[in-house]
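For what it's worth, the working numbering labels the leading residue of the sequence shown as 356, then goes sequentially.
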Amino acid sequence: MTLGGLFTLGAALWAAWVGYGLWRWRAARDQTLLSSVLVGIPAALLIRSTLAESGMWSHLPVPYTLLLWPLLWLLCLIAAIFLRRERPAMWPVLGLPATGLPTALLAFLDSV
């Protein structure tokens with residue numbers, strides 16, 4: 356699987372996750388949308404920089420953007436803990452690590 360295909364799969368899973376959250380909490384649609392935008396923008400920027408850096412990975416000692424993904428997932432999990440009482444706002448934040456980890460596991464299993 357290519358890196359672009361991997362990000363497309365992860366984005367599709369996250370969109371389905373957020374779509375379910377929008378369906379589940381219709382009354383709090385604004386909270387869910389705002390939360391998904393606040394999580395989606397850093398993820399999109401990190402996807403862009405990862406794709407730009409991927410051509411240089413053979414020359415780098417460590418692919419730096421690949422180290423930033425677990426940090427973003429950890430920050431999302433910490434934010435989800437703080438937002439646990441606000442279920443609609445927590446849903447997209449929790450969705451990034453919940454859909455990113457299976458996608459990364461699929462990439463790992465594909466490379467083995």
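All C-beta atoms, glycine included, are put in the ideal place defined by N, C-alpha and C.
Residue span of the alpha helix (DSSP H) that contains residue i, given as start and end
{"i": "M445", "result": "442 to 466"}
{"i": "W412", "result": "Here W412 belongs to no alpha helix (DSSP H), and DSSP marks it neither H nor E."}
{"i": "L423", "result": "419 to 437"}
Cβ shell of residue i (< 7 Å), same chain only, five flanking positions each side left out
{"i": "A462", "result": "M356, L361"}
{"i": "P447", "result": "V373, G376, T387, S390, S391, V394"}
{"i": "A367", "result": "none"}
Cutoff 8 Å; reference residue i; Cβ partners in own chain excluding five residues on either side
{"i": "L401", "result": "T420, L423, W424, L427"}
{"i": "L449", "result": "C431, L432, A435"}
{"i": "A399", "result": "none"}
{"i": "E408", "result": "L415, P418, Y419, T420"}
Neighbourhood of residue i by C-beta, 6 Å cutoff - its chain only, sequence neighbours within 5 removed
{"i": "L358", "result": "S409"}
Runs of 4 residues minimum, wholly inside the stretch 358 to 386: which ones carry the alpha helix (DSSP H) assignment? Every alpha helix (DSSP H) of 4 residues or more that sits fully in the stretch 358 to 386 is shown, in chain order, as 358 to 379.
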